[in-house]
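Report on one structure; see the data block that follows.
Protein chains: 2
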Amino acid sequence: MAERKPRKDAARNRKAVLEAADALFARAERPEDLTMADIAAAAGVGKGTLFRAFGDRAGLLRALYEARLEPVREAAEAGPPPLGPATSPQERVPALLDAILCFKLDNRRLALALEESGSNSLYQAEHYERWHGLLRSMLEQIPGLDDAAFTAHALLAATRADLVERLADQEGTPRERLRDQLAGFATRVVSSDPATSRHD
Amino acid sequence: MAERKPRKDAARNRKAVLEAADALFARAERPEDLTMADIAAAAGVGKGTLFRAFGDRAGLLRALYEARLEPVREAAEAGPPPLGPATSPQERVPALLDAILCFKLDNRRLALALEESGSNSLYQAEHYERWHGLLRSMLEQIPGLDDAAFTAHALLAATRADLVERLADQEGTPRERLRDQLAGFATRVVSSDPATSRHD
DNA sequence: CGTCGAACCGGACCCAGGGTCCGTATTCTA
DNA sequence: TAGAATACGGACCCTGGGTCCGGTTCGACG
Numbered sequence: 024m025a026e027r028k029p030r031k032d033a034a035r036n037r038k039a040v041l042e043a044a045d046a047l048f049a050r051a052e053r054p055e056d057l058t059m060a061d062i063a064a065a066a067g068v069g070k071g072t073l074f075r076a077f078g079d080r081a082g083l084l085r086a087l088y089e090a091r092l093e094p095v096r097e098a099a100e101a102g103p104p105p106l107g108p109a110t111s112p113q114e115r116v117p118a119l120l121d122a123i124l125c126f127k128l129d130n131r132r133l134a135l136a137l138e139e140s141g142s143n144s145l146y147q148a149e150h151y152e153r154w155h156g157l158l159r160s161m162l163e164q165i166p167g168l169d170d171a172a173f174t175a176h177a178l179l180a181a182t183r184a185d186l187v188e189r190l191a192d193q194e195g196t197p198r199e200r201l202r203d204q205l206a207g208f209a210t211r212v213v214s215s216d217p218a219t220s221r222h223d
Numbered sequence: 024m025a026e027r028k029p030r031k032d033a034a035r036n037r038k039a040v041l042e043a044a045d046a047l048f049a050r051a052e053r054p055e056d057l058t059m060a061d062i063a064a065a066a067g068v069g070k071g072t073l074f075r076a077f078g079d080r081a082g083l084l085r086a087l088y089e090a091r092l093e094p095v096r097e098a099a100e101a102g103p104p105p106l107g108p109a110t111s112p113q114e115r116v117p118a119l120l121d122a123i124l125c126f127k128l129d130n131r132r133l134a135l136a137l138e139e140s141g142s143n144s145l146y147q148a149e150h151y152e153r154w155h156g157l158l159r160s161m162l163e164q165i166p167g168l169d170d171a172a173f174t175a176h177a178l179l180a181a182t183r184a185d186l187v188e189r190l191a192d193q194e195g196t197p198r199e200r201l202r203d204q205l206a207g208f209a210t211r212v213v214s215s216d217p218a219t220s221r222h223d
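The listed protein sequences derive, respectively, from chains A and B. End of the first sequence = 223 in this note's numbering, gap-free, step of one. End of the second sequence = 223 in this note's numbering, gap-free, step of one.
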């Protein structure tokens with residue numbers, strides 16, 4: 024049952040690939056034309072090795088992404104306020120979205136490459152389920168807000184990598200402004216008074 | 024300066040391609056593996072013709088999409104309430120998003136193909152600019168809502184084709200429920216009482 | 001340390017699919 | 001109806017993801 028440990032060279036190569044890819048994505052301005060062969064070459068490894076270790080392009084991207092995301096995940100699941108659990112949903116929802124936004128700003132190319140890779144690879148990535156579940160559970164605690172599941176999706180959609188890139192890179196919106204806007208939006212969603220919402 | 028009119032056969036072929044592609048996308052369950060050669064064959068035309076008429080894959084997708092979208096556009100810009108101009112922003116914003124959602128539900132494959140095609144082709148499609156501009160101008164009329172531009176992006180993000188597909192096809196959410204949820208979300212955003220929004 | 005099998009390496013190779021080219025056919029103009 | 005302009009179409013090119021397999025490295029064991 025227990026996976027027997029990989030050979031030393033395999034482990035070394037895996038790490039080399041991860042590091043090389045990380046560096047390449049950080050530098051690349053067009054992540055989609057960063058080829059697998061490029062990555063293999065940069066890591067000093069054959070293409071075969073790369074595919075054996077990660078399955079396919081999406082697999083590599085996912086591995087990279089999850090690795091980078093790890094700290095954020097921990098902070099969100101067990102860290103200090105306002106991100107951690109000891110916070111009211113009204114504050115924690117914007118805080119979580121802010122954390123995700125910052126992450127995507129800091130890892131633009133990678134996030135972009137991941138979300139663009141193949142058919143809706145975003146929605147079947149584990150981290151998406153994680154964020155969605157977490158967000159939904161927060162939203163469920165907010166009185167007068169039904170459809171927590173949908174709302175969670177909608178809020179997460181506002182942090183899509185390509186949107187972030189458009190706003191930050193193409194339109195040049197400064198980081199802090201973007202953060203404020205998203206926080207404002209989230210707060211609005213989370214704190215709207217249902218009595219005001221008359222429409223039909 | 025004036026574009027001289029295209030030759031008769033060119034026009035006929037263009038139409039043939041459009042129709043064939045339309046039919047194919049409607050039937051296909053995996054829009055991404057519907058190849059250009061397939062479309063050309065179905066239209067009874069050579070690949071060259073297809074590329075000459077539309078430039079590239081994204082161009083064809085855009086043309087198809089815009090054509091289908093035309094009625095919605097008209098309804099939104101000059102139709103009767105609640106979609107048309109003679110409606111208060113509080114009602115019209117949800118109505119517009121609903122129209123977009125319905126459109127994407129009815130043209131799932133096509134929308135998916137378009138949004139997946141190449142680097143952020145969604146955000147440089149004309150219709151995106153149109154919706155965004157329209158939405159923004161509505162939101163600007165709502166007191167207490169700043170960042171109309173960002174809010175418009177965020178709301179539109181909730182209608183992303185891949186999200187719609189996940190909810191409708193993969194999770195099986197019924198159409199009407201989805202519409203209700205989106206409308207509820209939009210209404211919430213649009214009608215939240217700013218006095219309630221304390222966060223710092 | 002020597003040996004042997006398993007695990008791994010890497011780059012040559014395969015193939016689909018987007019996009020191009022150019023000799024031929026069609027349409028338009030006069 | 002001739003000649004130029006335009007369009008046709010499918011053979012062809014090329015990139016890039018993914019596979020394969022002969023050769024190498026690892027490490028367990030004697």
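Cβ coordinates follow ideal geometry from the N, Cα and C atoms, glycine included. Computed from a predicted model, the values in this text were never measured in an experiment.
**Asked** Okay, do the region 67–75 of chain A and the region 29–49 of chain A touch, 3+ Cβ pairs below 8 angstroms being the bar?
**Response** The region 67–75 of chain A, when compared against the region 29–49 of chain A, does touch it at the 8 angstroms Cβ threshold.
**Prompt:** Does Gly15 (chain B) come within less than 9 angstroms of chain A when only Cβ atoms are used?
**Reply:** The structure shown does not extend to residue 15 (chain B), since chain B spans only 24 to 223, so no value can be given for it.
**Item:** Beta-carbon contacts of Leu119 (chain B) that lie in its chain and below 8 angstroms, excluding the five residues immediately before and after
**Value:** Here the set comprises Ala99, Leu106, Trp154, Leu157, Leu158, Met161.
**Asked** What residues of chain B sit near Thr174 (chain A), judged by a beta carbon separation below 7 angstroms?
**Response** Simply Phe208.
**Message:** Buried or exposed for Lys227 (chain B), going by 16 or more other Cβ atoms inside 10 Å?
**Reply:** Nothing can be reported for residue 227 (chain B), as the shown portion of chain B is limited to 24 through 223.
**Message:** Tell me which residues share the same chain as Ser140 (chain A) and place their Cβ nearer than 7 angstroms to its Cβ, disregarding the 5 neighbours each side in the sequence.
**Reply:** Arg80, Ala81, Leu84
**Runs of alpha helix (DSSP H) lying entirely within the region 143–194 of chain A, each at least 4 residues, in chain order** = 149–163, 171–180, 184–188
**Asked** Taking the C-alpha atoms as reference points, what is the distance between Thr196 (chain A) and Ala51 (chain A)?
**Response** 20 angstroms
**Request:** Tell me whether Pro94 (chain A) sits in a helix, a strand or coil according to DSSP, three-state version.
**Result:** Looking at Pro94 (chain A) - three-state DSSP - the assignment turns out to be helix.
**Prompt:** Does Ser142 (chain A) have its Cβ less than 9 angstroms from a Cβ in chain B?
**Reply:** yes
**Asked** Would Gln204 (chain A) count as contacting chain B if we go by Cβ distances under 9 angstroms?
**Response** yes
**Item:** Short CB-CB distance (under 9 angstroms) between Glu199 (chain A) and chain B
**Value:** no
**Message:** Is there a Cβ of chain A sitting closer than 9 angstroms to that of Ala181 (chain B), yes or no?
**Reply:** It does: the Cβ of Ala181 (chain B) has a partner Cβ on chain A nearer than 9 angstroms.
**Request:** Could you have a look at Leu106 (chain B) and say whether DSSP puts it in helix, strand or coil?
**Result:** coil
**Request:** Would you mind working out which of A:Arg37, A:Thr58, A:Arg198, A:Arg53 sits nearest Phe126 (chain A), comparing C-alpha positions?
**Result:** Cα-wise, what sits closest to Phe126 (chain A) is A:Arg198.
**Asked** Under a Cβ-count criterion, where at least 16 other Cβ atoms within 10 Å of its own Cβ denotes burial, should Pro94 (chain B) be classed as buried or exposed?
**Response** exposed
**Message:** Closer than 8 angstroms between beta carbons: that is the criterion. Which residues of the region 45–76 of chain A meet it against chain B?
**Reply:** Here the close residues are Arg53, Glu55.
**Request:** Output the distance between the C-alpha atoms of Ile123 (chain B) and Ala63 (chain A), rounded to the nearest integer angstrom.
**Result:** 43 angstroms
**Asked** For Tyr88 (chain B) and chain A, any beta-carbon pair shorter than 9 angstroms?
**Response** no
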